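Residue numbers are given in this note's numbering: position 49 of the sequence shown equals residue 60, and the series is strictly consecutive. Ideal Cβ placement from N, Cα and C applies to all residues, glycine included. The structure presented is a predicted model; accordingly, all values stated were derived computationally and were not measured. Note sheet for the following structure.
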Amino acid sequence: MLSEKEQHHLEQFPGIDIGQVGGRVGMGAQHVVRCYGQEKVIKYTRVHALRDPYSRVASPIFMRDPDGLRRDFDLCHEYFGAHVVPVEIQTDRRNACYCLFQRKLDLVDLTPTMVQSTPELREELEEMVCRNKQLLAAKGVWLDIKGWDSRRTQAMAPYLSNLTLAANDEEKPRLQLFDCGIFHPPKTMALKLWHRFLRVVQESNLRRFGIRTRLA
12 MLSEKEQHHL
22 EQFPGIDIGQ
32 VGGRVGMGAQ
42 HVVRCYGQEK
52 VIKYTRVHAL
62 RDPYSRVASP
72 IFMRDPDGLR
82 RDFDLCHEYF
92 GAHVVPVEIQ
102 TDRRNACYCL
112 FQRKLDLVDL
122 TPTMVQSTPE
132 LREELEEMVC
142 RNKQLLAAKG
152 VWLDIKGWDS
162 RRTQAMAPYL
172 SNLTLAANDE
182 EKPRLQLFDC
192 GIFHPPKTMA
202 LKLWHRFLRV
212 VQESNLRRFG
222 IRTRLA
């Protein structure tokens, strides 16, 4: 059920049918994810819709305006191509906020054992990591392949929560990127240290999947 704040936020989008917004199916560092009708999900920004401390303090650090978000998706399509799950971007009446629509996926948690025992998956992940390094070298930004999962973070378990497997084993590529979080150059020393820490965490996480790399 939508909170009063969530409903008020979503009512600012002319293209959204509130009656189609269903149960919550996920929540990352930036977005709340809910079902939308039978075949889609809707993603909207935590900072505008929730009141918890993380949403009010930390989530704004990653916030992008609609135009910046479109540029991020263009970069993802340029560097990661068919791995990227298509997304529809809608904006509010002031073109100040956005919502994302994607097809509903049957998400599969990628585990280190799964990746290391399946050469095809390992090869695709290595290719994505290589392209991420190229993106950083060329544009000064990098893709968050790891994502955010508070439960597994607290358990110090390895995860790649922005990736899942294609529904059909014959579909290529197998790895599907359904969340394109791009990290941009930080403007303050505190954020520089935070980004450096996140990069180290990303590298450490990938090592547990058998991928040894340095993003910089």
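- Annotation: Glu182 is outside any alpha helix (DSSP H) and is labelled neither H nor E by DSSP.
- For Tyr90, the uninterrupted alpha helix (DSSP H) segment begins and ends at 77 to 91.
- Judged by pairs of C-beta atoms under 8 Å, the segment 12 to 25 does not touch the segment 65 to 82, as fewer than three such pairs exist.
- Under the 8 Å Cβ criterion, the segment 106 to 113 does not count as touching the segment 154 to 174, having fewer than three qualifying pairs.
- By the 16-neighbour rule on beta-carbons within 10 angstroms, Leu204 is exposed.
- Annotation for Tyr47: no alpha helix (DSSP H) segment contains it, though the beta strand (DSSP E) segment containing it runs 42 to 47.
- Leu226 is the residue among Ser66, Leu226, Lys51 whose C-alpha sits nearest the C-alpha of Leu154.
- In the three-state scheme derived from DSSP, where H, G and I count as helix and E and B as strand, Trp153 is classed as strand.
- Cβ contact annotation for His206 (same chain, cutoff 7 Å, sequence separation greater than five): Phe194, Pro197, in chain order.
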